Every structure is written in C-alpha cells, then in structure tokens.
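If you use the UniProt record's numbering, the sequence shown closes out at 702, no skipped numbers anywhere.
We treat Cβ as the ideally placed atom computed from N, Cα and C, and that holds for glycine.
Note that the structure is predicted; figures quoted are calculated from it, not measured.
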Amino acid sequence: MPKYLVIVESPAKAKTIKKFLGRNYEVIASNGHVRDLPKSTLGIDIENDFEPKYITIRGKGEVLAALRKAVKKADKVYLATDPDREGEAISWHLYYALKLENKNYSRITFNEITKTAVKDSIKHARDIDMNLVDAQQARRVLDRIVGYQISPILWAKIKRGLSAGRVQSVALRLICDREEEINLFIPQEYWSLEALLDVKGSKKPLEAKLIGNKEQKIEIHSEEEMNEILSYLKGKEFTVEGVKVTERLKKSPLPFTTSTLQQDASSKLNFAPQKTMRIAQQLYEGVNIKGQGTVGLITYLRTDSTRISVEADAAAKEYIKEAYGAEFVGAGTVAKKDDKKVQDAHEAIRPTYMTNSPASIKDELSRDQFRLYQLIWNRFMASRMAPAKYENTSVKIAAGDYRFNASASKIAFDGFLSVYNINNEKSEGNVMLKSIDEDTKLTLNNLEPKQHFTQPPAHYTEASLVKTLEEFGIGRPSTYAPTISTITARRYVVKEKKNLYVTELGEAVNNMMKKAFASIVDVNFTAMMEGLLDMVEEGKVHWKSVIENFYPDFEIAVKNAEKELEKIKIEDEVTDVICDECGRNMVVKYGPYGKFLACPGFPECRNTKPHFEKVGIPCPMCGGEVVLKKTKKGRKYYGCENNPECEFMSWQKPSTVKCEKCGSYMIEKGKKLVCSSKECGFVCSMPEDAKEKETSGESVSK
1 MPKYLVIVES PAKAKTIKKF LGRNYEVIAS NGHVRDLPKS TLGIDIENDF EPKYITIRGK
61 GEVLAALRKA VKKADKVYLA TDPDREGEAI SWHLYYALKL ENKNYSRITF NEITKTAVKD
121 SIKHARDIDM NLVDAQQARR VLDRIVGYQI SPILWAKIKR GLSAGRVQSV ALRLICDREE
181 EINLFIPQEY WSLEALLDVK GSKKPLEAKL IGNKEQKIEI HSEEEMNEIL SYLKGKEFTV
241 EGVKVTERLK KSPLPFTTST LQQDASSKLN FAPQKTMRIA QQLYEGVNIK GQGTVGLITY
301 LRTDSTRISV EADAAAKEYI KEAYGAEFVG AGTVAKKDDK KVQDAHEAIR PTYMTNSPAS
361 IKDELSRDQF RLYQLIWNRF MASRMAPAKY ENTSVKIAAG DYRFNASASK IAFDGFLSVY
421 NINNEKSEGN VMLKSIDEDT KLTLNNLEPK QHFTQPPAHY TEASLVKTLE EFGIGRPSTY
481 APTISTITAR RYVVKEKKNL YVTELGEAVN NMMKKAFASI VDVNFTAMME GLLDMVEEGK
541 VHWKSVIENF YPDFEIAVKN AEKELEKIKI EDEVTDVICD ECGRNMVVKY GPYGKFLACP
601 GFPECRNTKP HFEKVGIPCP MCGGEVVLKK TKKGRKYYGC ENNPECEFMS WQKPSTVKCE
661 KCGSYMIEKG KKLVCSSKEC GFVCSMPEDA KEKETSGESV SK
C-alpha cells in the first residue's frame, strides 16, 4: 500500500486530522514557519531586485530532520497548511526546505477540520498558488523594509527598543488623532423638555418629549430659550393629535468575520483580540469531545467573508426548524458587499456541526472556550433565522404651537433574538399607548426641563479600533490582533477600562513619524498598499513591482530623517531635589515609562524617585504646585504636589482663570478655556498672554 505524508502547522491540528485518515497516512506538524528572514539583518538584497534571503529558523533543525525522514518514506506528500496567504507561504517554504521539487507532492486546503472537508480536499489537491505566496512575500518584505529602516532612527532620536511598522504606525496615529480630537473638544449646551401627562384610568403618567413646533423640529441651546418655551406652555391644553402604529423588522445579523468576532468578543466577553484569536485557533484545530474524539468545532478563523456554504445553511435551518419551529427559519442573510476585496475562498466563521450546541459540549470546554464558542454558535444560528418584529406606537401631542411625542416599542416576534439577544432588547415605553386615541383627555402633571452638554468622541477601544482598521482597509484579518498587541507592548498606548490612551512615548513616536514619514502613517496610502497586495494575490501585479515603486521615495525619507530630525533631548536635567541617601542633587532620567528622578552617583547610589514636572500653576484646591503626573500605565494627568493630602486631579491642563459663571477653575482646550464643572459648561477664549506663553513653550499662568 502507498504511504502518504500530510504536513500541517500545529500538533493539535495534526492530531485532529490523523483521526480522519487511514493507516496509510502519517500526519506531522511543522510548528509554523520553518524559514524566514534573519532577525539580525535586513535580509533583503536591495541592490539585487529586492531578493529576500531566507534562512532556516533557529530551533527548527530537529523538526526539519524529522520531516525529511518522513518525506523519504512517503510515496506522496500533502502540504495541508492554513488556507490563506500565510499558510500558502508556509507550504512554499516547506517545499524548498524539504526539497520536494523531485517528489510527488500536492497542496490541499480545507475551511474546516472535519472528516468530509479533509477527505474532499485530497480529491481536489492542487499546486502551490504562487500568487498567494507572492502576496505574502510582498507584505513581509514591505514590513521588513519599513520596520528595519525606521526603527533605528527612533532608537537614535528617542530611545532604544522602539519600533515602527507599516500597519502599527497607522494604528498609533488613529489613536493619537482621536486623543487630540477629544482634548480639543468644546462641549455645546442643549436642553430637552419632557411633559408628564395624566391619563384618566392610568396610575402612571404618560411621558412625552418635546420634538418641535408646527413647522419643524427645534433645538434648544440655552436656559433662556427653555424659559421662553415654559412660559408659553403655561395654561396650554395638551391634546392627542394623532396615533400611529407601525411594524418594524430588525434584520438578522451577518455571521462572524475575523473583525466582527474580535469586536464582539471584546465588547461582550472582554477578550483582547490576541486572546480571541488564540482561543478561536483552539476551537478550529480541535477539542476532544466525549463520544466524538478530537473535533474541529469552528471553521477557519481568519476571514473577511460572510459567505456560508449551501450545506451549512441547509443544516442550520433544519436544526432551527426542529428546535424552534418553522416560523423561526429565515431566508438567509445576504453577504455584505463593498468595494474592498474579501477572502471569499473562505466562509464566515461558523460551527462545523450544528448539533454540537454549546450546552451539549460545555463540560468538554474550558470556560473561555465555551464562552467564545457560544458566541460564534449563537451568532451563526441567528444569521439563519427570521428577523425580529417590533410593533411601534407613536402618539403625537399638541400644546399650542408646540408638538410632543410619546412612543412605545413592543417585540411582536422574537425571531433571531431568541438565540442572539446580546443587548438584552425588550419592549420599551408606556404600554398604555395602544389604548390612547384622539379623544383621550390629557392633563398636564409637570414639565421637566433638563440641561445637557454634547460629549466628545469616545476613546478607542480594542473593538472600535479593529472596526476602524477594517473600515479603512488597513491590514487584514490576520494583522488586527498582533498590531494592537505590538503598540501596547511597546507602551505607545495603554488600556484602562477597555479604553486605549496614548502615552508620552506614543506621542513622541507618532509626532516623529508624521514629520518624517507622512506617507507611512497616512491612512489612505496604507489602504492603497493593501489594495496592491490584493492585486498581487489576483495575479494582476508582480510583487516586486510593488516594492520597486515604494522604495525610492521611502529611501529619500529615511536619509532626510537621519540628517534633519532633531534628537529628543533626554540629557540629565539637574533638579533641586536632594537624594535621601547621599545628598547629591537628583537628575531627570528617561526610562521605558517616561521621566524619573535618579541619583547622579549611580552605580554607587541607586536611589530613584518619581519625577513630577511642574506646570507653573497653583492648585485650585489647596494652592500648592500643579505637577504633570502619569498613571501606572503611562497615561498623563495633572495633580497636586501635596497628594495624597490634596486630591486635586484633572486629565486636562488647568488654568488660573476662574469661571465667570460659577467660579470653578477652567481647563485648557486648544485656544479655548472650558469650565471644569460639567454642570456649568461656560467657554471663553484663552487670554492673549496665555496663548503667547503656550506658543513659546512656557507654562500658562495668569
């Protein structure tokens, strides 16, 4: 009997596949890539048509020796790495490392690790797709050139250990731009008015909101405007002008892509993207299920397609029909359409077997595996179910020239919400609205005006950053998690209560990148490069042409940066703080987490202290000095030097100017001063002398 060798990336995957194939098949794992560019050098021959210099990865000698031994015994070799660019590249590197050019070999791919899919892949074996390999090579070479030629500039100009990247630097810029937008945001005052109306026979008053006048909707911007309306409404009769009942459908969600899975797992399960991908990989490669053996529970996890196979669609609908009833079966959601190319060779992320409901296999999964699998299973089932139906009732109420509205929403049919009601949606509003008609008598109980202020844009979370990266076409499913992981590990950003905040180090790196490498951190340029990589995958562009067109301008930018960029001064700054241990004046040092005080007698004296930069402003609470501080994670804020006795703290820089309206201290927002009291909202221009000091780099004080 012939002997067959199947090579996959991971031991877990090998174990699952081995179960599906007969005794004539040997399944061995390569443990990922076996060849790569060297770590110590650029590894790309710039002068020789950008030829990459691949070497065997350190530590892979034994793995390759075992694989070569198995290859000699096999009559045919199947390269069964993942079905994407990276997987294709791993197969290509194995082809060269194992010298398969004179061997009977084939490339096989499957979107799910099931017996049917694996056996079917062998029937449809093919050659290595060099377009996919070249797309991966182009990305790898681009990223290597950018990272290895910009990072040394950051080391020279800021500090060692920093890094730049084609995708990570754009992600950092997005976060920095949002931070600046938030800091410059000026709150705008607005008001709302709610009327509480008594209805005969009802104990609970009817709540109606002011929407406008006879002609149009109106906005109320000040207390004066609100008082005019309240004065007008005194003594006015409130009457029902019309009742409208409508039905609204809420469409079933699309099944998960890599991006939407990371977003939902972050917001619903509090999983970091890296954690989501790690657990999803476990579910894809296989979990030991009692009575079934090792089973791949989900389809391939790196995809931006929402397509579902005909077989999976039919199986899901049959399951829904039996478990919930025929009325819950949907027509099937339409795959998303946009101008960007998607990896449509893949399906969306879905369970491999519909009968493996989360409850039925809960005991075989870890807690995190269960929670993620349940999210995937519920989302996929919901995508095959009928829409949810709502009955909306709207009552229009007249009071002189003004119009109020009362509304209620009732779930008439659960549809997909029966399995995927993530936001805990339920009927809302006053249920008595249906009993109201134009003859219903209304009596005014009370008018409740409320003051509000517009809110700044939200800080990025990992979920919203992934969504933005996808919307702009920056990176691909496999890059979202490592990109966020890198900028966090480098301490360019920190995560606090899900929000991402830029650190002082991140600001320095971003400012330097914007100044010297504007195109690298340009969102549109990065998205265009992704488009070119897609064209390489489609065979429309040669991969080295992408590098050839990119490199000349980049080389000039690198040389200019080396000559022209000023080094960020981190010389030791002598302070008036005396070392407790040896009596010397302590100096300012710059470490991985920013500035700190150290004794100049190092290494004899190793005393250090936190460094708090004075901003030249007295504390609004106790009169002490306001100093610039940082949280443990590196986020900047302003606090009092007398802490913990004084609890003053502000995320924005305080001013000595007092609010004319309420007397609170003001904070700086660009060229404006804004009252620190959220209830006040007073805004004024910054005094001219303060603007001049800010421009010259001095502290602002009055």
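Helix, strand or coil at residue i according to DSSP, with G and I counted as helix
i, result
"threonine 239", "strand"
"glutamine 455", "coil"
"isoleucine 175", "helix"
"glycine 506", "helix"
"glycine 201", "coil"
"proline 618", "strand"
"glycine 539", "coil"
"arginine 403", "strand"
"asparagine 511", "helix"
"leucine 230", "helix"
"isoleucine 211", "strand"
"glutamate 285", "helix"
"serine 259", "helix"
"methionine 385", "strand"
Status (buried if at least 16 other CB within 10 Å, exposed otherwise) for residue i
i, result
"serine 685", "exposed"
"asparagine 288", "exposed"
"glutamine 455", "exposed"
"phenylalanine 612", "buried"
"isoleucine 46", "exposed"
"valine 342", "A caution first: valine 342 carries a pLDDT of 43, below 50, which makes its placement in the model too unreliable to give a value."
"alanine 74", "buried"
"glutamate 219", "exposed"
"tyrosine 638", "buried"
"cysteine 582", "exposed"
"proline 253", "buried"
"glycine 201", "exposed"
"alanine 65", "exposed"
"phenylalanine 416", "buried"
"serine 383", "buried"
Euclidean distance between Cα positions of residue i and residue j
i, j, result
"methionine 381", "arginine 350", "9 Å"
"lysine 434", "valine 493", "52 Å"
"methionine 513", "glutamate 448", "51 Å"
"methionine 666", "tryptophan 155", "38 Å"
"alanine 280", "glutamate 181", "35 Å"
"tyrosine 420", "asparagine 378", "6 Å"
"lysine 563", "isoleucine 150", "13 Å"
"arginine 126", "serine 91", "12 Å"
"aspartate 437", "lysine 250", "27 Å"
"arginine 58", "glycine 165", "24 Å"
"lysine 321", "phenylalanine 328", "7 Å"
"leucine 79", "glutamate 538", "21 Å"
"glutamate 604", "isoleucine 578", "16 Å"
"phenylalanine 370", "proline 358", "7 Å"
"glutamate 530", "arginine 173", "18 Å"
"methionine 649", "tryptophan 543", "53 Å"
"lysine 69", "alanine 323", "51 Å"
Cut-off 6 Å between Cβ atoms - residues of its own chain near residue i, not counting five sequence neighbours on either side
i, result
"tyrosine 319", "Met354"
"histidine 346", "Asn111, Tyr300, Thr303, Ser305"
"leucine 283", "Leu297, Ile298, Tyr373"
"glutamine 168", "Thr483, Thr486, Ile487"
"lysine 567", "Lys157"
"alanine 561", "Ile153, Ala516"
"lysine 60", "Val34"
Close Cβ partners of residue i (< 7 Å) along its chain, the five nearest in sequence each way excluded
i, result
"leucine 197", "Pro205, Leu206, Ala208, Phe238, Leu442, Thr443, Leu444, Asn445"
"lysine 19", "Gly293, Thr294"
"residue 705", "Here the chain comprises residues numbered 1 to 702, so residue 705 is not present and cannot be evaluated."
"lysine 115", "Phe20"
"aspartate 368", "Ile279"
"arginine 490", "Leu162, Ser163"
Nonlocal neighbours in the same chain, by C-beta distance under 8 Å from residue i, ignoring five residues either side
i, result
"glycine 87", "Glu9, Thr81, Thr109"
"alanine 412", "Glu247, Lys389, Tyr390, Glu391"
"glutamate 51", "Ile44, Asp45"
"lysine 217", "Ile211"
Test: residue i CB closer than 8 Å to a CB of chain D
i, result
"alanine 359", "This model lacks chain D altogether, as it is built from one protein chain only."
Taking only runs of the beta strand (DSSP E) that begin and end inside the segment 77-158, which ones reach a length of at least 3 residues, in chain order? Considered as a whole, the segment 77-158 harbours 105-107 as its complete beta strand (DSSP E) runs of no fewer than 3 residues, in chain order.
At 4 residues or longer, what runs of the alpha helix (DSSP H) sit wholly inside the segment 542-609? Fully enclosed alpha helix (DSSP H) runs of 4 or longer: 543-564.
For the segment 461-510, which segments carrying the beta strand (DSSP E) assignment without a break, of at least 3 residues, lie completely within its bounds, in sequence order? Inside the segment 461-510, DSSP marks whole beta strand (DSSP E) runs of 3 or more residues at positions 493-496, 499-502, from first to last along the chain.
At which residue ranges does the segment 295-365 contain complete alpha helix (DSSP H) runs of 4 or more residues, listed in the order of the chain? DSSP runs (the alpha helix (DSSP H)) wholly in the segment 295-365: 310-323, 358-361.
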